[in-house]
Amino acid sequence: MRSIILIISLLVVFSSCEKKLTYSITEKKINETLIISINSDFNPDIRRVQYIESDSGEYLAIKNKSKPEIILFDLQTKKINYKIPLFTDGPNSIGNYSGFQIYKPDCVLISSIPPKAFSINFQGEVLASTPIFDPENKVNYVGSTNETPFILKDKELWGAQPFYSNIFNITEKEAINTLSIFKIEANKTDTVSRWIPISRPPNIWSDGKKSANFAWANRYDSIIVAPFTDHRLWVISKKGEGLVSYVNVKSESVNSFRIIDGFPAPGDKGIIQDLESDSYENFIYDIYRDVFYRFFLPKINVNDYNLGPRSIFSRRPMIGVMVLDKDLKILGEFNFLNHGIENRNYFVGKKGLYVSTNNPNRDDFDENILRYDIIRFEGLNYED
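Residue 124 in the working numbering is what sits at position 140 of the sequence shown, and the numbering runs on without skipping anything.
This is the structure:
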């Protein structure tokens, strides 16, 4: 009898260990849907979308891939409010555009390749520019994108270059010591850029070589770096210009990252390896509710979909999001299935978390509109 009781007790213990974690936020809902009609000469570049709130209203800025311009849409009228031209030659040339950040009325910061930061006005005129150069880091890319938008503080600009110059030949020690974050300071006599001495976490490749990419978000003095292939977040102090801590924030759905075991595979093999591995994605701070959103891409079996690997890779069928409090503790975790949303195309506004539902792999895809569901999470505070 005692043996039976012991076995039952052990089964109870083991079954309790297998239970999924319970979080304080268990429900998400669609509050409303934003639809903006667009002209045939506008092709949205979703690598960078920026929500702007001002005294005059709410706006959404997106670069046009068909023309060198940034379009500002008024979210109340659903109409174009302004077009900011981007010049690629002449005295106001910004070179090879790689991202933007609208800083204040009539001031746009542009990232460019070769690595350079430009300040332009709404007429596209270059007000200032600063090269970003480091021969030791061998930087060849800087971009103010949805993943790593420029971060502004007073007369400081913070930017990121998450990649390695040669990931296939670099050692783990070299990877850890590679500097990825730079700062541009404007003083009375000059504007200079410099790299901040913040290394990556130890043992980043303990189970194999992985991608270096990351996203980040800004909250008061802190910059939170969210790697795509590591559960650990880096908490960085802007004032102290250094690392404060690492915080482990693991999704239940992210368990196996892609291991890079050689040079790129031919054909679609490398893409399939990415799709059949888990990864994290964008990381966004919600200033209105003081929470963070960490997006992730669960692995899939490409044979489950009637689409080519490249089409699936560009527009993922499954996307998840974790809701974190200001201390980076997990409040909830949710999934969007069946091509429900468009990866990388999300932003935060007063009404909630905006996620694009105009995924080209959906049956109701419409190239003539921008369409965002406004998501709200149970337990968070909203103004209306």
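Heads up, the beta-carbon is just placed ideally off N, CA and C, and yes, glycines get one too.
query, result
"Where residue 255 sits in the DSSP three-state scheme", "helix"
"Per DSSP, cross-strand counterpart(s) of residue 302", "In the DSSP output, where bridge partners are listed per residue, residue 302 has none listed."
"Own chain partners of residue -8 with C-beta closer than 6 angstroms, once the 5 adjacent residues on each side are dropped", "Only weak support exists for where residue -8 lies, its pLDDT of 40 falling under 50; the value from the coordinates is given anyway. Correct list: empty, nothing qualifies."
"Where residue 176 falls, given that 16 or more other Cβ within 10 Å makes a residue buried", "exposed"
"Where the alpha helix (DSSP H) through residue 157 begins and ends", "156 to 161"
"Through-space distance from residue 218 to residue 230, alpha-carbon basis", "5 angstroms"
"Residue 66 burial status per 10 Å Cβ neighbour count (16 or more: buried)", "exposed"
"Cut-off 6 angstroms between Cβ atoms - residues of its own chain near residue 364, not counting five sequence neighbours on either side", "273"
"Burial state of residue 37, where buried means 16 or more other Cβ atoms lie within 10 Å", "exposed"
"Residue closest to residue 327, alpha-carbon to alpha-carbon, out of 356, 140 and 160", "356"
"Three-way DSSP call (helix, strand, coil) for residue 267 in this model", "strand"
"Which of helix, strand or coil DSSP assigns to residue 279", "strand"
"Cβ pair residue 78, residue 117 closer than 8 angstroms", "no"
"Residues bridged to residue 69 [DSSP beta-bridge criterion]", "53"
"Touch test, the region 73 to 91 against the region 144 to 154, Cβ-Cβ under 8 angstroms, three pairs minimum", "no"
"For residue 294, the three-state DSSP class (helix, strand or coil)", "helix"
"Which of helix, strand or coil DSSP assigns to residue 228", "strand"
"8 angstroms Cβ cutoff, residue 209 in contact with chain B", "Any reference to chain B falls outside this structure, which holds one protein chain only."
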